[in-house]
Amino acid sequence: MRAFQRIAMWTGAAAVLWGVKASLGLFVVNLLLVYVIVAVGLNLLMGFTGQISAGHAGFLAVGAYVAALVGMHAPQVGAVGALIAAGAAAALLGVAIGLPALRLAGFYIAMATLAFGVVVTEAILQMDVWTGGADGMYVLAPSLFGFPLDSDTQKFWLVLGTAVLAVWTAQNLAGSKVGRAFLALRESDVATETLGISTAAYRTLAFALSAFYTGVAGGLFAYVVSYISPDAFSIELSIDFVAMVILGGMGSIGGSIVGAALLTVLNQYLAVLQDFKALIFGLAVVVCMILMPGGVSAAWKAALERFRG
Amino acid sequence: MRRTTWWLATLAAVLLGVAAPAAAEVGVTADRILIGTSQSFSGPLVFPGTEEIAGIEAYLEYVNQNGGIHGRKIEWKWYDDGYKPQDAVANMKRLVEQDQVFCILINQGTSPVMAVVPYLEQKKVPLMFPFQGSSRLHGKKYVFTSFTYYDTQTQIVTRWLVEKKGFKRIGIIYQDDAYGKFFLNTLKKELEAKGLKIAAAESVKRGATDVAPQVAKIAQAGLDACLLALVPGPGAQVLKEAAKIGLKKTKLISSGPLTDEKFLILSGGVGEGVWGLSLWPDPVRDDSPAMQEYRKILKKYRPGHEPNRYNLYGYFYTKLFCEGLKRAGKDLTREKLIQALESIQNWENGIIPPVSFGPGDHQAQDQGFMVEVQGGRFVPISGWLGIRDGKLVESPL
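Protein chains in written order, with numbering that gives the first Met the number 0: chain A, 0 to 308; chain B, 0 to 396.
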């Protein structure tokens with residue numbers, strides 16, 4: 000049953016990607032997969048440790064600019080090197096944000112991270128010598144082991160590979176000591192400490208991990224779009240990421256994938272509307288939350304339970 | 000090695016079902032032409048975006064009701080990018096690969112436009128008249144640009160102030176980013192060419208609401224004129240502050256897209272006497288036949304929209320685009336459209352100076368005229384001004 004379920008889910012995911020490609024194009028599939036990595040990374044922070052970040056577009060921007068600049072000034076390291084650099088730079092910043100955030104709780108963390116997102120775009124504007132400021136910059140095509148990846152198709156394999164790796168790692172992490180420590184943190188700080196787990200260390204680790212995921216996604220974002228500017232990393236994008244995690248289900252990796260896919264596809268389909276796009280988008284999210292308060296993953300589990308009687 | 004890559008790429012392409020269309024021309028059938036664009040229907044530029052589209056649709060419906068072009072009706076698909084480059088790229092690829100449009104007509108904003116230009120050039124899809132004023136789009140084969148570049152605009156204004164008005168002490172209040180600094184640097188270069196220096200330069204942070212210190216410093220500097228390279232909010236704030244402290248000696252001059260009716264409304268009636276460079280006749284009051292026709296068509300096909308610079312832009316450049324389609328003839332192709340537009344010489348239109356294109360010259364307009372705010376509207380105080388062979392030239396409006 001388990002194996003059957005897994006095969007069914009992977010087939011379903013492939014079918015959905017195929018459908019998106021047929022109706023909206025491969026570019027949207029690539030963008031969707033990038034957002035899947037972000038949502039899974041954000042879920043490690045939000046869903047597992049309960050710290051809400053409203054500034055993940057900032058980490059995405061850091062990753063995108065680092066990967067683009069590495070590609071420009073040190074092309075010999077290739078896509079893998081550039082993506083690791085992008086993730087590492089974001090992770091360092093994640094630690095820098097995570098440390099002061101240790102003193103904060105709940106909405107105050109959200110406020111601090113929200114500010115971070117704004118600061119990043121402002122910093123990009125000020126460092127216009129390197130970043131091109133408001134004019135943005137073009138991103139050179141990445142190369143993988145010496146092969147240039149120019150087309151959407153070639154980039155698709157890179158993004159898909161990274162996304163699968165990211166999901167697999169997150170799933171294994173969730174079942175490990177680290178994942179359980181994260182979950183303990185979400186439930187109670189005091190109880191976690193009494194178990195001999197350092198809340199400070201694990202909170203910071205969660206920030207670093209989540210930022211690393213998002214930084215790598217940022218590098219892929221830069222490759223996929225081929226052009227980056229501060230306008231790409233607005234507050235709305237950060238809020239979209241939070242919505243993806245909540246809609247998919249806090250603490251569910253599979254849920255994050257579904258959440259990212261749903262919101263990306265919904266946004267693209269609603270692009271035909273001139274007037275009511277924001278309203279319909281917002282309403283759709285609100286209705287989903289009312290009908291599925293635990294997100295898609297909880298609703299799915301409940302449906303399975305009912306099916307089994 | 001090369002061969003293997005090639006085969007792998009081909010295999011991948013076939014597997015994913017990416018195949019080049021083999022029609023006479025993409026987006027063109029016996030009785031219709033399909034065009035499209037990505038625009039701002041949400042985000043910071045939603046007002047200009049929806050107004051440009053209103054102007055475009057009004058003219059296209061007018062053309063379609065009068066039999067179309069060479070018997071073909073024009074159909075359209077618009078998608079929202081919310082001023083985000085990633086969504087602009089998604090929309091363009093959807094238009095070109097899924098919807099198979101013939102060309103792109105009028106998109107908007109530096110980031111969304113810059114993001115899609117390499118892709119459209121590579122696919123050889125014509126990009127008609129993006130709404131933006133950066134000269135970085137100069138010299139692209141498949142891109143036709145619209146209005147006077149921002150650097151040319153600053154050149155025109157500076158030379159007019161120095162040569163025609165005899166001003167010597169000129170300063171600037173600019174937005175503290177690449178946009179504002181662009182005006183600052185052009186002004187600096189222009190003044191240096193005249194043996195002058197910037198007499199005062201004050202910066203304003205993006206989104207700032209308090210501009211009192213900057214205006215005070217400008218007042219102290221005793222300038223003849225001060226350029227405002229700002230967005231409407233802070234720009235209107237400067238006018239209010241200048242009115243409050245009674246700054247009479249210094250002429251305030253709105254730069255670039257700031258010369259717009261919305262800016263005047265925001266300033267709440269204190270903008271009297273301000274100068275600016277206008278690229279368009281007054282959309283509401285100019286009564287030349289071409290402008291009357293514009294208001295008539297807009298009123299008939301998009302009655303909910305009042306005449307303004309944005310829907311005038313959409314209307315005018317759609318008209319120019321249709322002129323290109325007409326000249327391209329019955330056997331329409333993308334290449335023929337480019338050639339047809341390049342053949343346009345001295346196209347009299349009654350709205351802006353005659354338009355000429357040529358191979359390597361894809362810019363529709365490179366002039367503007369000085370205006371002064373009188374009775375809450377922009378009144379012309381010069382003829383059409385332009386730079387020819389490095390010199391300021393003036394022709395009657």
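Ideal placement from N, C-alpha and C gives every residue a C-beta, glycine not left out.
Task: Buried versus exposed, by CB contacts within 10 Å (16 or more), residue 335 of chain A - done: Because chain A is modelled from 0 through 308, residue 335 of chain A falls outside the range shown and cannot be assessed.
- [ ] Note down, in chain order, every chain A residue with its Cβ under 7 Å from the Cβ of residue 96 of chain B.
- [x] Within chain A, the residues near residue 96 of chain B are 24.
Task: Inter-residue CB distance, residue 104 of chain B and residue 317 of chain B (contact presumed, cutoff 8 Å) - done: At roughly 7 Å, the Cβ-Cβ gap stays under 8 Å, so residue 104 of chain B and residue 317 of chain B are in contact.
Task: Inter-residue spacing [alpha-carbon to alpha-carbon] between residue 17 of chain A and residue 265 of chain A - done: The alpha-carbon separation between residue 17 of chain A and residue 265 of chain A amounts to approximately 16 Å.
TODO: Tell me whether residue 379 of chain B sits in a helix, a strand or coil according to DSSP, three-state version.
DONE: In this structure, residue 379 of chain B counts as strand in the three-state DSSP scheme.
Task: Proximal residues to residue 97 of chain A (C-beta, below 7 Å), its chain only, five neighbours per side dropped - done: Cβ within range, chain order: 202, 203, 206, 207.
TODO: Name the one or two DSSP bridge partners that residue 171 of chain B has.
DONE: Answer by DSSP bridge pairing, in chain order: B:200, B:226.
Task: Stretch pair the segment 232 to 247 of chain B + the segment 149 to 169 of chain A: three plus CB contacts closer than 8 Å - done: Output reads no: the segment 149 to 169 of chain A does not touch the segment 232 to 247 of chain B.
- [ ] Measuring alpha carbon to alpha carbon, tell me which of B:77, B:138, B:96, B:300 ends up nearest residue 272 of chain A.
- [x] Nearest of B:77, B:138, B:96, B:300 to residue 272 of chain A, Cα basis: B:77.
Task: Anticipated Cβ contact below 8 Å, residue 209 of chain A with residue 40 of chain A, distance rounded - done: That pair is a contact at about 5 Å.
TODO: Below 6 Å CB to CB, which residues in the same chain sit around residue 291 of chain A once its five sequence neighbours on both sides are set aside?
DONE: Close CB contacts of residue 291 of chain A within its chain, under the 6 Å cut and outside five residues either way in sequence, are with 298 (chain order).
Open item on the list: Which same chain residues end up closer than 7 Å to residue 244 of chain A when comparing Cβ atoms and leaving out the 5 residues on each side of it in sequence?
Closed with: Same-chain partners within the cutoff: 38, 41, 42, 45, 46, 255, 258.
Open item on the list: Classify residue 89 of chain A: buried if its beta carbon has 16 or more other beta carbons within 10 angstroms, exposed otherwise.
Closed with: Burial call: buried.
Open item on the list: Does chain B have any CB closer than 8 Å to the CB of residue 222 of chain A?
Closed with: Answer no: the Cβ-Cβ gap between residue 222 of chain A and chain B never drops below 8 Å.
- [ ] Report the neighbours of residue 271 of chain A on chain B: residues whose CB is nearer than 7 Å to its CB, in chain order.
- [x] Listed by position along chain B, the residues whose Cβ is nearer than 7 Å to that of residue 271 of chain A are 78.
Task: Between the CA atoms of residue 63 of chain B and residue 336 of chain B - distance to the nearest angstrom - done: Approximately 19 Å, taken between the alpha carbons.
- [ ] Give the secondary structure of residue 329 of chain B by DSSP, where H, G and I count as helix, E and B as strand, and everything else as coil.
- [x] Three-state result, residue 329 of chain B: coil.
Task: Coarse secondary structure for residue 299 of chain A, derived from DSSP in three states - done: For residue 299 of chain A, the three-state secondary structure derived from DSSP is helix.
Open item on the list: For residue 27 of chain A, would you say it is in contact with chain B, using Cβ-to-Cβ distances shorter than 8 Å as the test?
Closed with: Chain B, which has a Cβ nearer than 8 Å to the Cβ of residue 27 of chain A, makes this yes.
TODO: Report back the beta-carbon spacing between residue 201 of chain B and residue 172 of chain B to the nearest angstrom; my notes put them in contact at under 8 Å.
DONE: The pair is a contact, with the Cβ atoms about 5 Å apart (cut-off 8 Å).
Open item on the list: Using DSSP's beta-bridge definition, name the partner residues of residue 71 of chain B.
Closed with: B:68, per the DSSP bridge assignment.
Task: Nearest-angstrom Cα separation, counted from residue 393 of chain B out to residue 159 of chain A - done: Whole-angstrom Cα-Cα distance: 59 Å.
Task: Completely contained beta strand (DSSP E) runs for the segment 138 to 194 of chain B, where each covers 3 or more residues - done: Listed in chain order, the beta strand (DSSP E) elements of length 3 or more contained wholly in the segment 138 to 194 of chain B are 169 to 174.
- [ ] Determine the DSSP secondary structure at residue 391 of chain B, reduced to helix, strand or coil.
- [x] DSSP, read as helix, strand or coil, puts residue 391 of chain B in strand.
Open item on the list: Using a Cβ-Cβ cutoff of less than 7 Å, which residues in the same chain neighbour residue 462 of chain B once the five nearest sequence positions on both sides are dropped?
Closed with: Given a span of 0 to 396 for chain B in the structure shown, any question on residue 462 of chain B remains unanswerable.
Open item on the list: Please report whether the beta-carbon of residue 137 of chain A lies at a distance below 8 Å from any beta-carbon of chain B.
Closed with: Yes, contact with chain B.
TODO: Would you list the residues sitting across from residue 371 of chain B in a DSSP beta bridge?
DONE: Under DSSP, residue 371 of chain B shares a beta bridge with B:274, B:378.
Task: Bridge-paired residues (DSSP) for residue 104 of chain B - done: Paired residue(s): B:127.
Open item on the list: With H, G and I counted as helix, E and B as strand and the rest as coil, what does DSSP make of residue 28 of chain B?
Closed with: Residue state, collapsed to three classes: coil.
TODO: Mind checking which residues open and close the beta strand (DSSP E) that includes residue 250 of chain B?
DONE: Element bounds for residue 250 of chain B: 250 to 253.
Open item on the list: Just to confirm the assignment, what range does the alpha helix (DSSP H) spanning residue 231 of chain A have?
Closed with: It is not in any alpha helix (DSSP H) - residue 231 of chain A carries neither H nor E in the DSSP assignment.
Task: Within 8 Å, strictly: CB atoms of residue 391 of chain B and residue 379 of chain B - done: Cβ distance not < 8 Å, so residue 391 of chain B and residue 379 of chain B don't count as in contact.
Task: chain B within 8 Å of residue 228 of chain A, Cβ atoms only - done: Contact with chain B is found for residue 228 of chain A, since one of that chain's Cβ atoms lies less than 8 Å from the residue's Cβ.
TODO: Just tell me which of A:278, A:267, A:295 has its CA closest to the CA of residue 22 of chain A.
DONE: Nearest C-alpha to residue 22 of chain A: A:267.
Task: Residues that residue 369 of chain B contacts on chain A, provided the C-beta gap is smaller than 9 Å - done: By Cβ distance, chain A contributes nothing, its closest Cβ being about 27 Å from residue 369 of chain B, past 9 Å.
Open item on the list: Against chain A, with Cβ distances strictly below 8 Å, would residue 49 of chain B count as a contact?
Closed with: Under the Cβ criterion of 8 Å, residue 49 of chain B is counted among the residues facing chain A.
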